[in-house]
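S.K.: Under the numbering used here, think of the first position of the sequence shown as 11, with each following residue one higher. For glycine and all other residues, C-beta sits at the position ideal for the given N, C-alpha and C. These numbers were taken from a predicted model, which means no experiment stands behind them.
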Amino acid sequence: MRRRVLYTLSTLIILALVGAGGVALLGWGVFGAHEGPGKITPVPRPASVVAERSDSARRAAVGVGVGVGVGASDTAILFGDLHVHTTFSSDAFVMSLPLVSGEGAHPPADACDFARYCAALDFWSINDHAESLTPEHWRETVESLRQCNAVASSGDPDVSAFLGWEWTQDGSSPGNHWGHKNVLLKGLGDAEIPTRPIAALHPDGDIVTLPPLARAGLALLMHDRRTLDFTRFLAETAAVPPCPLGVGVRDLPAGCKEATRTPGELFAKLDEWGFESIVIPHGTAWGNTAPPGADWDAQIGGPDDDPQRQTLVEVYSGHGNSEEYRDFTAVLLDPSREPLCPEPQPGPSGFLPNCWRAGEIIRTRCLAQGTPDEQCAERAAVARQNHAIAGKTGFRTVLGASVEDWLDSGQCRDCFLPAFDYRPRMSAQYMLTRKNFARARPASARMGFIASSDNHTARPGTGYKELNRSEMTESQGPRAGAPDLLGNANDPVPYSVALDQQPINSFATRDIERMSSFLTTGGLVAVHARGTGREAIWSALKRREVYGTSGERILLWFDLLNPPGDRPAPLPMGSETVLSTRPHFRVRAVGARIQDPGCPEFARKALGAHRLHALCRDECYSPSDGRRLLTRIEVVRMRPQLRDTEPLSGLIDDPWLSLPCPGDATGCVVEFSDPDYLKDGRDTLYYARAIQQPTPAVNGGNLRCNRDENGDCIALQPCHGSEALTPYQDDCLDEIEERAWSSPIWVDQPGTSSSPAWPTEARDR
């Protein structure tokens with residue numbers, strides 16, 4: 011009997027040890043596979059296809075007078091995407107999991123093939139999050155991009171791939187928030203790139219780290235092959251030690267993770283390397299990453315600005331629009347910098363703060379239980395304050411609240427496809443109008459405008475057709491029947507619960523379900539290049555002779571026609587100059603080519619039927635001979651501050667002019683002058699928007715609010731990420747006015763403090 015008991019105990023101990031060992035092995039990623047770079051299809055786009063599209067653009071340009079007469083432009087417009095993630099990024103890997111109906115691996119090779127065959131881009135860049143790039147993944151990224159470029163002739167490539175990464179910083183408060191920036195490198199040779207990318211250190215710690223026990227638990231919960239691979243990915247990332255501090259970039263160990271706390275530290279390390287690079291802020295007004303109350307002030311002049319590198323800003327992506335300034339704020343700050351909840355601004359151009367709506371939800375629940383009005387009002391006040399204190403995660407203080415409960419709180423009502431939970435003091439218009447008066451010479455930002463996709467499935471340039479929401483946007487959530495680990499799954503209660511008093515039954519730190527209605531197919535960057543190769547593209551980016559589009563390949567030119575001196579050539583978008591006469595401008599634009607269904611034959615032959623479906627979803631950039639009509643040209647005029655307390659709302663004229671187009675597929679040409687320039691005596695910048703005829707777009711209606719007679723949202727029809735709430739086959743189409751944003755032209759008064767700090771190639775060519 012005693013032997014039997016000992017035998018049973020021994021067996022149980024052995025089984026427990028084996029089980030514990032198995033769980034440990036799961037957590038260490040032993041059962042998963044390494045996420046490799048994939049295999050690039052080694053077939054270039056046919057030269058005849060490249061030539062036809064170039065000829066079509068050239069004919070369209072001639073139709074609006076480009077390339078004709080004295081000072082004619084010698085550039086061609088090329089389209090690209092400078093913001094692309096693969097499943098080498100941790101968040102992209104999460105989106106690839108079966109848990110959220112992900113498609114599986116999308117490595118760098120997919121991005122190359124998608125850019126070449128599906129989207130037919132002229133250039134693209136890879137921008138995986140630096141904090142999740144191991145030394146092995148960095149080496150694989152570099153080699154994959156070299157292979158992508160090697161497919162076609164280096165002298166006349168069909169597509170140019172640029173190396174880069176994303177410096178991804180989310181502040182926990184306005185005081186420590188810097189935002190997300192893409193670092194773009196010119197070269198690809200060993201002597202032109204750093205040993206490792208440079209990540210951002212987060213105030214709340216490493217966002218990629220997940221303890222081994224949690225990794226094992228996730229694998230046991232999901233029990234699928236892809237989740238095992240994810241545990242391997244996390245284990246590989248966690249195994250990379252941080253680089254030692256205070257050591258020069260060239261003296262650091264090759265196998266460590268390099269990171270900085272501020273943009274200034276990032277710029278200093280890029281200076282140490284000495285390679286040509288451009289740093290591009292993006293998604294700046296996106297409340298998913300920027301905390302309530304965030305602003306751009308600390309990044310205008312001073313150590314956390316670099317006007318030589320940070321010369322472009324991404325105003326639009328698949329995460330929405332960060333262009334427009336509005337005079338509202340999600341929170342107020344008292345003298346001790348503690349957050350307070352502002353009152354709502356009613357009407358179609360008004361604003362309903364999330365914190366205020368939190369109070370109304372709690373008040374409604376409270377009254378429904380028969381509680382006295384006075385007590386419910388007190389609970390509403392507590393709810394508003396709890397939400398304001400919680401910042402980005404304030405939605406969690408109202409347990410069990412649905413997307414519909416929140417109405418359109420936190421959103422910009424009259425912006426074009428705005429970023430979710432809009433932060434107007436992080437917008438491009440705010441950046442370029444606000445000044446830093448702490449310096450002897452007041453500083454202002456001068457950045458050209460681009461757009462890109464911010465795609466996380468290795469699909470550069472997804473905006474060529476408006477379909478396949480679950481594949482071409484990030485509007486994803488739990489698949490039908492899967493556990494919702496990301497939502498606010500608690501039962502509703504008639505009182506607010508502060509974050510430090512909550513049950514931990516969710517991984518939710520982002521308002522994913524509400525945000526899903528704001529995710530689109532993304533934008534493109536266009537360059538006016540003197541050639542087709544990477545040198546010509548890089549030169550255009552450096553000159554800021556660039557513009558962004560909401561995804562359509564609209565052709566756009568914006569010029570100052572009366573530059574100073576005897577020069578016959580106009581100054582193009584991105585230029586800056588000093589002028590003592592009234593500025594006179596011209597905008598020329600042509601609508602995008604209408605798309606035929608399906609894919610061209612060259613894409614079918616190169617990829618084969620299986621890969622064409624898996625990657626392109628059987629729909630490619632496939633232009634017909636017809637073009638969309640343009641309805642108008644809008645001109646935005648902005649005048650940087652003259653004093654720190656000068657309100658920005660009176661300095662931004664948006665639109666200043668709205669000039670109708672003739673409704674002709676040939677295009678649109680308008681000219682205008684500023685009669686106030688000399689009278690006002692202020693430095694001024696101008697940019698143009700070319701607005702296309704309305705067409706359906708994925709998530710074009712965002713929350714699809716029903717509004718009352720005052721313009722306030724009273725009910726909505728959101729486009730959910732959860733498959734159980736909105737089927738993935740529903741593209742949530744609504745009509746929008748696709749558009750292109752030119753880079754500004756800066757016109758300074760003679761002798762003013764804002765005269766160009768760097769005359770640049772744009773002034774002197």
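What is the rounded straight-line gap between the Cα of proline 706 and the Cα of glutamate 62?
M.R.: Translated into positions along the sequence shown, residue 706 becomes position 696. Translated into positions along the sequence shown, residue 62 becomes position 52. Spanning the two alpha carbons is a distance of roughly 27 angstroms.
S.K.: Could you check if isoleucine 514 is buried or exposed, using at least 16 other CB atoms within 10 Å of its CB as the buried criterion?
M.R.: Here residue 514 refers to the residue found at position 504 when the sequence shown is read from its first residue. Below a pLDDT of 50, predicted positions are generally treated as unreliable, and isoleucine 514, at 47, falls in that range; the measurement from the model is reported next regardless. Classification for isoleucine 514: exposed.
S.K.: Tell me which same chain residues have a C-beta within less than 6 angstroms of the C-beta of asparagine 186, skipping the five on either side of it?
M.R.: Sequence index remark: in the sequence shown, residue 186 carries index 176 (1-based). If we look at asparagine 186 and ignore the five residues flanking it on each side, its Cβ neighbours are Pro213.
S.K.: In the DSSP assignment, find the unbroken alpha helix (DSSP H) run with threonine 443 in it and report its ends.
M.R.: In the sequence shown, residue 443 corresponds to position 433, counting from 1. Threonine 443 -> alpha helix (DSSP H) spans 438-443.
S.K.: In three-state DSSP terms, what is glycine 174?
M.R.: Position 164 of the sequence shown, counted from the start, is the residue given in the question as residue 174. It is a strand residue.
S.K.: Is alanine 130 near leucine 565, with beta carbons less than 8 angstroms apart?
M.R.: Sequence index remark: in the sequence shown, residue 130 carries index 120 (1-based). Sequence index remark: in the sequence shown, residue 565 carries index 555 (1-based). Cβ atoms of alanine 130 and leucine 565: not closer than 8 angstroms.
S.K.: Buried or exposed for phenylalanine 517, going by 16 or more other Cβ atoms inside 10 Å?
M.R.: If you number the sequence shown from 1, residue 517 lands on position 507. Low local confidence applies: a pLDDT of 49 at phenylalanine 517 is under 50, so the model's placement there is unreliable, and no value is given.
S.K.: State the CB to CB distance for the pair leucine 726 and leucine 417, rounded to an integer number of angstroms; the pair is presumed to be in contact (CB under 8 angstroms).
M.R.: Against the sequence shown, residue 726 aligns to sequence position 716. Against the sequence shown, residue 417 aligns to sequence position 407. Yes, they are in contact, since the Cβ atoms of leucine 726 and leucine 417 sit about 6 angstroms apart, within 8 angstroms.
S.K.: Using 10 angstroms around the beta-carbon of serine 659, count the other beta-carbons present and answer buried if the total reaches 16, otherwise exposed.
M.R.: The residue given as residue 659 occupies position 649 in the sequence shown. Exposed is the call here.
S.K.: Quick check on DSSP: helix, strand or coil for leucine 534?
M.R.: The residue you call residue 534 lines up with position 524 of the sequence shown. Residue state, collapsed to three classes: strand.
S.K.: Alpha carbons only, please: which of Gln702, Cys742, Pro356 is nearest the one belonging to threonine 641?
M.R.: Residue 641 sits at position 631 when you count from the first residue of the sequence shown. Measuring from the Cα of threonine 641, the nearest candidate turns out to be Gln702.
S.K.: Are alanine 115 and glutamate 176 closer than 8 angstroms when you measure CB to CB?
M.R.: Numbered from 1 along the sequence shown, position 105 holds the residue referred to as residue 115. Numbered from 1 along the sequence shown, position 166 holds the residue referred to as residue 176. Contact flag unset, no.
S.K.: Run through DSSP, which three-state label would leucine 529 get?
M.R.: Here residue 529 corresponds to residue number 519 of the sequence shown, with the count starting at 1. If DSSP states are grouped into helix, strand and coil, leucine 529 belongs with coil.
S.K.: Work out the CA separation of glutamate 275 and glutamate 146 for me, nearest whole Å.
M.R.: Reading the sequence shown from its first residue, position 136 is the one you call residue 146. Reading the sequence shown from its first residue, position 265 is the one you call residue 275. Glutamate 146 and glutamate 275: Cα-Cα distance of roughly 25 angstroms.
S.K.: Terminal residues of the continuous alpha helix (DSSP H) containing proline 118?
M.R.: By 1-based counting over the sequence shown, the position of residue 118 is 108. From DSSP, the alpha helix (DSSP H) with proline 118 extends over 118-123.
S.K.: Identify whether leucine 695 lies in helix, strand or coil by the three-state DSSP scheme.
M.R.: As a working mapping, residue 695 is identified with position 685 in the sequence shown. Residue state, collapsed to three classes: strand.
S.K.: Sort Gly410, Pro580, Ala546, Leu255 by Cα distance to glycine 165 and report the nearest one.
M.R.: Here residue 165 refers to the residue found at position 155 when the sequence shown is read from its first residue. That would be Ala546, whose Cα lies nearest to the Cα of glycine 165.
S.K.: Below 8 angstroms on the Cβ atoms is my contact criterion, and I expect cysteine 729 with cysteine 742 to pass it. Report the Cβ-Cβ distance as a whole number of Å.
M.R.: Translated into the one-based positions of the sequence shown, residue 729 becomes position 719. Translated into the one-based positions of the sequence shown, residue 742 becomes position 732. With 8 angstroms as the limit, cysteine 729 and cysteine 742 qualify as a contact, their Cβ atoms being about 4 angstroms apart.
S.K.: Give me whichever residues DSSP pairs with leucine 743 in a beta bridge.
M.R.: Mapped onto the sequence shown, residue 743 falls at position 733. Leucine 743 is bridged to Val708.
S.K.: Compare the Cα-Cα distances from valine 597 to each of Ser346, Leu570, Ile310, Cys351 and report the closest residue.
M.R.: Taking the sequence shown and counting its residues from 1, the one referred to as residue 597 is at position 587. Closest by alpha carbon: Leu570.
S.K.: So what's cysteine 425 in DSSP terms, helix, strand or just coil?
M.R.: Looking up residue 425 in the sequence shown gives position 415. Cysteine 425: coil per DSSP, three-state reduction.
S.K.: If you draw a straight line from the C-alpha of serine 683 to the C-alpha of cysteine 671, how long is it?
M.R.: In the sequence shown, residue 683 corresponds to position 673, counting from 1. In the sequence shown, residue 671 corresponds to position 661, counting from 1. If you take the alpha carbons of serine 683 and cysteine 671, they lie about 17 angstroms apart.
S.K.: Keeping to the same chain, check which residues put their C-beta closer than 7 angstroms to that of arginine 622; ignore five residues upstream and five downstream.
M.R.: Position 612 of the sequence shown, counted from the first residue, corresponds to residue 622. Note on identity: in this sequence residue 622 is leucine, with arginine being the wrong assignment. Within the same chain, leucine 622 has close Cβ partners Cys609, Ala613, Arg614, Asp628.
S.K.: Would alanine 461 pass as a contact of glutamate 324 if the rule is Cβ separation under 8 angstroms?
M.R.: Taking the first residue of the sequence shown as position 1, residue 461 is located at position 451. Taking the first residue of the sequence shown as position 1, residue 324 is located at position 314. Closer than 8 angstroms, so yes.
S.K.: Ignore the nearest five residues each way along the sequence and tell me which others in lysine 191's own chain have a CB closer than 6 angstroms to its CB.
M.R.: Along the sequence shown, read from residue 1 onward, the residue named residue 191 stands at position 181. So the qualifying residues of the chain are Trp177, Val289, Pro291.
S.K.: What residues in its chain sit with their C-beta under 6 angstroms from that of aspartate 168, if we drop five residues either side in the sequence?
M.R.: Translated into the one-based positions of the sequence shown, residue 168 becomes position 158. Here the set comprises Pro54, Arg55, Val60, Ala162.
S.K.: Please name the residue or residues paired with glutamate 268 in a DSSP beta bridge.
M.R.: Counting from 1 along the sequence shown, the entry for residue 268 is found at position 258. DSSP output for glutamate 268 lists Ile208 as bridge partner(s).
S.K.: For isoleucine 203 and phenylalanine 285, which I take to be in contact (beta-carbon distance under 8 angstroms), what is that distance rounded to the nearest angstrom?
M.R.: On the sequence shown, residue 203 is found 193 positions in, with the first residue counted as 1. On the sequence shown, residue 285 is found 275 positions in, with the first residue counted as 1. Sure, about 7 angstroms apart at Cβ, within 8 angstroms.
S.K.: Compute the Euclidean distance between the alpha carbons of glutamate 153 and histidine 466, then round it to the nearest angstrom.
M.R.: For this step, residue 153 is matched to residue 143 along the sequence shown. For this step, residue 466 is matched to residue 456 along the sequence shown. Answer to the nearest angstrom: the Cα atoms are 20 angstroms apart.
S.K.: Quick one, which of Leu688, Tyr432, Thr472, His139 has its alpha-carbon nearest threonine 97's?
M.R.: Counting from one through the sequence shown, the residue named residue 97 turns up at place 87. Checking every option, the nearest Cα to that of threonine 97 belongs to His139.
S.K.: Could you check what DSSP says for aspartate 635 in three-state terms: helix, strand or coil?
M.R.: Residue numbering aside, residue 635 sits at position 625 when the sequence shown is read from its first letter. Here aspartate 635 sits in strand by DSSP.
S.K.: Can you look up proline 488 in the DSSP assignment and give me helix, strand or coil?
M.R.: Here residue 488 corresponds to residue number 478 of the sequence shown, with the count starting at 1. It is coil, neither helix nor strand.
S.K.: Alpha carbon to alpha carbon, what distance is there between glutamate 476 and aspartate 635?
M.R.: As a working mapping, residue 635 is identified with position 625 in the sequence shown. As a working mapping, residue 476 is identified with position 466 in the sequence shown. For aspartate 635 and glutamate 476, the distance between alpha carbons rounds to 19 angstroms.
S.K.: So who's on the other strand from isoleucine 780, going by DSSP bridges?
M.R.: Residue 780 lies beyond the range of the chain shown here (11 to 775); nothing can be said about it.
S.K.: Helix, strand or coil for isoleucine 50 per DSSP?
M.R.: As a working note, residue 50 is residue 40 in the sequence shown. Looking at isoleucine 50 - three-state DSSP - the assignment turns out to be coil, as it is neither helix nor strand.
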